[in-house]
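First residue of the first sequence? That's 298 in my numbering, and the numbers climb one at a time after it.
Yeah, the Cβ is synthetic: ideal placement off N, Cα and C, and Gly gets one too.
Since the structure comes first, as structure tokens, the remarks are kept for the end.
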Amino acid sequence: MELTRLRGFQDLIGPQVRAISFIEEKARALMERYAVREIRIPILERIELYVRSTGATSDIVEKQMYTVERRAESKGEGQMVLRPEGTPGVVRAYIEAGLDRSDPEQRFFYCGPMLRYERPQKGRYREFYQFGVEVFGRADAACDAELLIMIDDLRRELGLELKMELNSLGCADCRPAFRQAVLEYGRAHFAELCEDCHARLERNPLRLLDCKIDAKLAAGAPNSLDYLDEACRKHFDTVRDLLNRAGVVFEVNPRIVRGLDYYMRTTFEISSMALGAQNAVIAGGRYDGLIEELGGAPVPGIGFAIGLDRMALALLESSRKFEVAPEVAMIALGEAATARATEIAHRMRRESNLTVEMLSPDRGLKALLKRADRIGARYAVIIGDNELARGIAQVRELAHSRQQEIAIEEVAATIARELEKIASR
RNA sequence: GUGAGUGUAGCUCAGCUUGGUUAGAGCACCGGGUUGUGGCCUCGGUGGUCGAGGGUUCAAAUCCCUUCACUCACCCCA
């Protein structure tokens, strides 16, 4: 086969797509309760948006973005890229709508594909789906806590065991001192650092802290919490206190460092034990300077994104099943019966709310019953010329090989009633 | 970008070390055993450029080279 999908892209089929939809539905329902409103933003943006927000030296901007070839006659668009993450686009839309000035306190969620050119591996694809939440206009610790509680709610609804880790990176006032301390620590131990860390040191020294190779060295490195100024410390203490009151289980991990420039104060990562190396299923944090950086008013912000693909993988690792089976397989033998069966199937769905799959009528009964079994139907409704003439249908309960003749007009109601009985047991 | 592992039927894999007739199994699919009754059983059938290209050889799934893809990990990150 030569027309294969592109590397790192996936066709989501069967349980995979059902797991993702399941998470999305749960998350959407949760958004309703938290009064978070949906926002839809373009998948294509100007490259500058990410250079200025994500950070010019980040890997995302330096080597992972998909650039789009524009038509020669289009003018003034500059370099366009497929969005590698959601936050900058939402911030842009927020500013562009003038909300930062007219009505700054806003909460949005978005859902959709993101694209990054990376080497694929388990839980990492070039196109991946994110469900993200962004809250603008609130600098208070209660807001941070509310988001984390929201995440805990989702975790509970999905029945997943996840680890929540929290850190504070400090603010524009106190972070520089911390960064400087890490830099100096790194320089002092330069000879002991791994090759990757040598590169990190000047580019993004905070990254030293979550290096896997130099774990021992990182343990002795400066702790961001020791460098928090009074306001940041109080903020972080309040967040933790609110989480404890809400019964949210979390750990403080000073090594949680976000890769993107715009994060400050509260940062967090939620990971799954069920996954491989790419185990962060949710990550986010506060980014109070970002809106201003992108040309808006000085409005604070905080947000997170769920990696839906990863979350789905974790869900599929658990014992949860994502099979779907129709309640009724409709079997028609012959042309006249097919017409009648189509009517009955329609009525079952519309009036009795049953899930009904009509099987291909161009096959023998044996093959059709086999098919009904295969798709996991609970009942097979058989209508042939015999039944048609007598105004009845054979209703077969597959698991028990019980079969009864029921007046065609009564089939839908009878099955619905039986299912109700089973459900109430 | 780096490293390791793997590419044989729709799926899971055997065969490759030591080259040798028509390349196998299980599952799945289709059909018979049952003129209109599934699962279990049984008999049969469809299905393969052995990832691709080149080389060695009388002969290559098997040996050599190149290349591509997939997987996992590094890196990065959701």
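- Query: Got a sec? Which residues, its chain only, sit under 7 Å from M411 by beta carbon, not counting five neighbours each side?
  - Reply: R380, P381, E382, G383, F425, Q427
- Message: For L341 and M377, which I take to be in contact (beta-carbon distance under 8 Å), what is that distance rounded to the nearest angstrom?
- Response: 5 Å
- Query: Which class does K460 belong to by DSSP, given the choice of helix, strand or coil?
  - Reply: strand
- Query: Roughly how many angstroms lie between the CA atoms of L525 and L455, to the nearest whole one?
  - Reply: 35 Å
- Candidates A602, Q307, S318, of which the one nearest L612 by Cα: S318
- Message: Using the three-state DSSP reduction, which class does R504 fall into: helix, strand or coil?
- Response: helix
- Determine the extent of the alpha helix (DSSP H) in which Y560 is found, giving its start and end residues. Where Y560 is concerned, there is no enclosing alpha helix (DSSP H), given that its DSSP letter is neither H nor E.
- So what's G631 in DSSP terms, helix, strand or just coil? coil
- Item | Sequence-distant residues of the same chain with beta carbon closer than 8 Å to G420, five excluded per side | L572, G573, A574, Q575, N576, G604, D606, R607, L610
- Item | Every unbroken alpha helix (DSSP H) within the stretch 391-438, with a cutoff of 4 residues, ordered by chain | 396-399
- Message: Are the CB atoms of G681 and G600 within a distance shorter than 8 Å?
- Response: no
- Task: May I ask you to list the residues that DSSP assigns as paired with M377?
- Result: R343, V365
- Where T564 sits in the DSSP three-state scheme: strand
- Per DSSP, cross-strand counterpart(s) of A580: E566, A602
- With DSSP collapsed to three states, give me the class of A518. coil
- Can you say whether M570 is buried or exposed, counting buried as having 16 or more other CB atoms within 10 angstroms of its CB? exposed
- Item | Rounded separation between H486 and A496 - CA only | 14 Å
- Message: If the criterion is Cβ atoms closer than 8 Å, does the pair F433 and Q403 meet it?
- Response: yes
- Same chain, Cβ closer than 6 Å to E684, neighbours up to 5 away in sequence not counted: A690
- Check whether L539 and A442 have beta carbons under 8 Å apart: yes
- Query: G352 to I344, Cα distance in whole Å?
  - Reply: 11 Å
- Query: If you drop the 5 nearest sequence neighbours on each side, which residues of the same chain put their C-beta closer than 8 Å to that of Y331?
  - Reply: R404, E443, M447
- Query: Which class does E624 belong to by DSSP, given the choice of helix, strand or coil?
  - Reply: coil
- Message: Rounded to whole angstroms, what is the Cα-Cα separation between R398 and Q313?
- Response: 42 Å
- Item | C-alpha distance - E707 paired with L459, whole-angstrom precision | 49 Å
- Helix or strand or just coil, what does DSSP make of Q307? coil
- Query: Measuring CA to CA, which of I392, Q418, R389, K372 is closest to Q307?
  - Reply: Q418
- K663 versus R722 - alpha carbon distance: 32 Å
- Message: I need the straight-line Cα distance from I392 to D470, nearest angstrom please.
- Response: 25 Å
- Considering E702, what are the terminal residues of the beta strand (DSSP E) in which it resides? 699-704
- Task: Assuming C468 contacts M561 (C-beta within less than 8 Å), just tell me the rounded distance between them.
- Result: 5 Å
- From V348, F547, E481, R537, pick the residue whose C-alpha is nearest to that of A518; which is it? E481
- With 16 other Cβ atoms within 10 Å as the buried cut-off, status of S649: buried
- Does the Cβ of V653 have 16 or more other Cβ atoms within 10 Å, making it buried, or fewer, making it exposed? buried
- Message: Here's a check: name, in chain order, each residue in its chain whose Cβ is nearer than 6 Å to the Cβ of L396, leaving out the five neighbours to either side.
- Response: Q403
- Out of curiosity, what's the CA-to-CA distance linking A704 and A634? 14 Å
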